[in-house]
Amino acid sequence: MDAADIARVARLERQIAFLYRHFGLDPRLAEQIDVPRDLPPEFADALRQHNLILAIKIYRQATGASLAEAKAAVERMA
Numbered sequence: 000m001d002a003a004d005i006a007r008v009a010r011l012e013r014q015i016a017f018l019y020r021h022f023g024l025d026p027r028l029a030e031q032i033d034v035p036r037d038l039p040p041e042f043a044d045a046l047r048q049h050n051l052i053l054a055i056k057i058y059r060q061a062t063g064a065s066l067a068e069a070k071a072a073v074e075r076m077a
């Protein structure tokens, strides 16, 4: 990496940090929770609050998965 690449990465990191602050997001959560986009926002909220029972319920309603399938999927994401 040359100086221009380092400056470009630093600028991009500042822009991303600005977006996190602007939207009131915690950047640590972006690395912790990988939620499919087709699930409702309440699902990610339940995961962030470690409410796995609610997350499983929402997952089942959104996907039609069985209890066992939903439990396994939620535990992989938690």
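For the sequence shown, position 68 (counting from the first letter as 1) is numbered 67 according to numbering that gives the first Met the number 0, and the numbering increases by one without interruption.
Cβ coordinates follow ideal geometry from the N, Cα and C atoms, glycine included.
All values reported here derive from a predicted model rather than from experimental measurement.
Between which two residues does the alpha helix (DSSP H) carrying residue i extend?
{"i": "P40", "result": "40 to 47"}
{"i": "R36", "result": "Here R36 belongs to no alpha helix (DSSP H), and DSSP marks it neither H nor E."}
{"i": "D25", "result": "Where D25 is concerned, there is no enclosing alpha helix (DSSP H), given that its DSSP letter is neither H nor E."}
{"i": "A67", "result": "66 to 76"}
Could you tell me how far apart the beta carbons of residue i and residue j are, in whole angstroms, since I believe they sit closer than 8 Å?
{"i": "A71", "j": "Y58", "result": "That belief does not hold up - the Cβ atoms of A71 and Y58 are roughly 10 Å apart, past 8 Å."}
{"i": "M76", "j": "L53", "result": "About 13 Å; that fails the 8 Å criterion."}
How would you label residue i, buried or exposed, when you count the other beta carbons within 10 angstroms and need 16 or more for buried?
{"i": "A2", "result": "exposed"}
{"i": "L18", "result": "exposed"}
{"i": "I55", "result": "buried"}
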